[in-house]
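Undergrad: Quick one: this structure, given as structure tokens, is what I'll be asking you about.
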Amino acid sequence: MSTTKSAAAAQSDSSEESALKELFIEELKDIYWAESHLVKNMPTLAKATTSAPLLKAFETHLAQTKEQVTRLEQVFESIGEEASAKKCEAMNGLVKEALEMIEDTKEGTLTRDVALISCAQKVEHYEIASYGTLKTLAGVLGFKQAAGLLEQTLQEEKDTDSLLTQIAEGSVNQKAKKEKI
Numbered sequence: 001m002s003t004t005k006s007a008a009a010a011q012s013d014s015s016e017e018s019a020l021k022e023l024f025i026e027e028l029k030d031i032y033w034a035e036s037h038l039v040k041n042m043p044t045l046a047k048a049t050t051s052a053p054l055l056k057a058f059e060t061h062l063a064q065t066k067e068q069v070t071r072l073e074q075v076f077e078s079i080g081e082e083a084s085a086k087k088c089e090a091m092n093g094l095v096k097e098a099l100e101m102i103e104d105t106k107e108g109t110l111t112r113d114v115a116l117i118s119c120a121q122k123v124e125h126y127e128i129a130s131y132g133t134l135k136t137l138a139g140v141l142g143f144k145q146a147a148g149l150l151e152q153t154l155q156e157e158k159d160t161d162s163l164l165t166q167i168a169e170g171s172v173n174q175k176a177k178k179e180k181i
């Protein structure tokens, strides 16, 4: 009887793991689409900036995001899956909101930069949540290489969020406060 319970428990663990692995792969597809979508749209955001530090941050993060897409392809490969994307409605909405902010703010103003920083930080927070979850799931599933790659990207996203905060608090917000409508 104990053998039957062990076999049933093992089968349950196996099916739970496969369900967890399936969730992990779906989440990977989601962030893969999200990062690819950002690569396409970040140049538009960069062109809309006024402050040099924000422009530099966007340009740097665009290059970094391209590397992150490649890193995600490595994650897929490390778990024996082909890289594929699934439309990320959350990122699609965040990018749409950023593009609308550009339309809703006056060109050449720091107020627009404040809006862009706000939108960019919403993106960063989404990415931090996604990569944090993916890294944890990779660890639970025993995907050590994937977990390491995801940790690297997670740290980059946290660093970018911190940089955006520094740019906002360092000068952009206070200077924007002085702009007239």
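Under the UniProt record's numbering, the residues of the sequence shown are numbered 1 to 181, in order.
Note that the Cβ used here is the ideal one computed from N, Cα and C, for glycine as well.
1. Along the chain, which unbroken stretches of the alpha helix (DSSP H) at least 4 residues long are found entirely within the segment 100 to 162?
2. Measure the beta-carbon distance from D113 to A176 and round it to whole angstroms, keeping in mind my assumption that it falls under 8 Å.
3. In whole angstroms, what separates the C-alpha of S84 from that of F143?
4. Does the separation of the CB atoms of L141 and K21 fall below 7 Å?
5. Grab the span of the alpha helix (DSSP H) containing V69 for me, first residue to last.
6. Under 8 Å: do the segment 110 to 126 and the segment 159 to 176 share three or more Cβ pairs, one atom per stretch?
7. Specify the secondary structure class of T49 as computed by DSSP and reduced to three states.
8. Tell me which residues share the same chain as Q68 and place their Cβ nearer than 8 Å to its Cβ, disregarding the 5 neighbours each side in the sequence.
9. Measure the C-alpha to C-alpha separation of T3 and K66 and round it to an integer number of angstroms.
10. Could you check whether the segment 116 to 132 touches the segment 77 to 94, counting it as contact only if at least three pairs of C-beta atoms, one from each stretch, sit closer than 8 Å?
11. Can you tell me which of E179, L99, E73 puts its alpha carbon nearest to the alpha carbon of E42?
12. Could you give the C-beta distance for I128 and K158, rounded to a whole number, given that I count them as a contact under 8 Å?
13. H61 and T160 - do their beta-carbons sit closer together than 7 Å?
14. Check whether the Cβ atoms of W33 and K86 lie closer than 7 Å to each other.
15. Can you give me the Cβ contacts of I79 inside the same chain, cut-off strictly under 7 Å, excluding the 5 residues immediately before and after it?
16. Taking the alpha-carbon positions, what's the L28 to G132 distance?
17. On the CB-based measure, 16 or more other CB atoms within 10 Å of its CB, does D30 come out buried or exposed?
18. Using 8 Å for Cβ pairs, my map puts E81 next to I167. What's the rounded Cβ distance?
19. Contact defined as beta carbons within less than 8 Å: I believe A48 pairs with E59. What is the distance between those atoms, to the nearest angstrom?
TA: Quick answer:
1. 110 to 140
2. Here the question's residue 113 lines up with position 113 in the sequence shown. Here the question's residue 176 lines up with position 176 in the sequence shown. Their Cβ separation, rounded to whole angstroms, is 7 Å, which keeps D113 and A176 in contact under 8 Å.
3. As a position in the sequence shown, residue 84 is number 84, starting the count at 1. As a position in the sequence shown, residue 143 is number 143, starting the count at 1. Their Cα atoms are separated by approximately 18 Å.
4. In the sequence shown, counting from the first residue as 1, residue 141 sits at position 141. In the sequence shown, counting from the first residue as 1, residue 21 sits at position 21. In contact: L141 and K21 (Cβ atoms closer than 7 Å).
5. Against the sequence shown, residue 69 aligns to sequence position 69. From DSSP, the alpha helix (DSSP H) with V69 extends over 52 to 78.
6. yes
7. Position 49 of the sequence shown, counting from 1, holds the residue named residue 49. Of the three classes helix, strand and coil, the one that applies to T49 here is coil, per DSSP.
8. As a working mapping, residue 68 is identified with position 68 in the sequence shown. Excluding sequence neighbours, Q68 sits near E35, T153, E156.
9. What you label residue 3 is simply residue 3 of the sequence shown in a count that begins at 1. What you label residue 66 is simply residue 66 of the sequence shown in a count that begins at 1. Residue confidence for T3 is low, a pLDDT of 47 falling below 50, so the modelled location carries little weight; the figure read from the coordinates is stated next. Their Cα atoms are separated by approximately 51 Å.
10. yes
11. By one-based count along the sequence shown, residue 42 stands at place 42. One detail in the question is off: residue 42 reads as Met in this sequence, not Glu. The shortest C-alpha separation from M42 is found at L99.
12. Position 128 of the sequence shown, counting from 1, holds the residue named residue 128. Position 158 of the sequence shown, counting from 1, holds the residue named residue 158. Rounded, the Cβ-Cβ distance is 6 Å, consistent with contact.
13. As a first step, residue 160 is located in the sequence shown; it is residue number 160 there, counting from the start. As a first step, residue 61 is located in the sequence shown; it is residue number 61 there, counting from the start. Against a cut-off of 7 Å, the Cβ pair of H61 and T160 comes out as a contact.
14. If you number the sequence shown from 1, residue 33 lands on position 33. If you number the sequence shown from 1, residue 86 lands on position 86. Yes, Cβ-Cβ distance for W33 and K86 is below 7 Å.
15. If you number the sequence shown from 1, residue 79 lands on position 79. Setting aside the 5 residues that flank it on each side, I79 is surrounded in the same chain by F143, A146, each with a C-beta closer than 7 Å to its C-beta; the list follows chain order.
16. Taking the sequence shown and counting its residues from 1, the one referred to as residue 28 is at position 28. Taking the sequence shown and counting its residues from 1, the one referred to as residue 132 is at position 132. One C-alpha to the other measures close to 12 Å.
17. Residue 30 sits at position 30 when you count from the first residue of the sequence shown. By the 10 Å Cβ count, D30 comes out buried.
18. What you label residue 81 is simply residue 81 of the sequence shown in a count that begins at 1. What you label residue 167 is simply residue 167 of the sequence shown in a count that begins at 1. With a Cβ gap of about 37 Å, E81 and I167 do not count as contacting.
19. Numbered from 1 along the sequence shown, position 48 holds the residue referred to as residue 48. Numbered from 1 along the sequence shown, position 59 holds the residue referred to as residue 59. Contact flag wrong, Cβ pair sits at about 13 Å.
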